[in-house]
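>
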Amino acid sequence: MHPGSIVVADNVRVPGAPKYRAYMRRQQGMSWNTIEHKTHLEYQTLVPDLVLESEYLG
């Protein structure tokens, strides 16, 4: 990993990755710049989900 690398995490809400999401929130602006994209489960438009797009800051 080097500054500017991008990491994409899918299914953050369902089935869920609460520890990963909490880590990225704690590191916001220090090691990572993360954007949360609201989406839905594949083939399940009624079930909300999250995709995290994170840029490594170094």
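Per the working numbering, the very first residue in the sequence shown carries number 6; after that it's consecutive.
Cβ coordinates follow ideal geometry from the N, Cα and C atoms, glycine included.
1. In three-state DSSP terms, what is Tyr61?
2. Less than 8 Å separating the beta-carbons of Trp37 and Glu60?
3. Would you decide whether Arg18 is buried or exposed? Buried here means 16 or more other CB atoms lie within 10 Å of its CB.
4. Less than 8 Å between the C-beta atoms of Ala14 and Val56, yes or no?
Put simply:
1. Reading the sequence shown from its first residue, position 56 is the one you call residue 61. Note: Tyr61 maps to strand in three-state DSSP.
2. The residue given as residue 37 occupies position 32 in the sequence shown. The residue given as residue 60 occupies position 55 in the sequence shown. The answer is yes: Cβ separation under 8 Å.
3. Locating residue 18 in the sequence shown gives position 13, where the first residue counts as 1. Per the 10 Å Cβ criterion, buried.
4. As a working note, residue 14 is residue 9 in the sequence shown. As a working note, residue 56 is residue 51 in the sequence shown. The answer is yes: Cβ separation under 8 Å.
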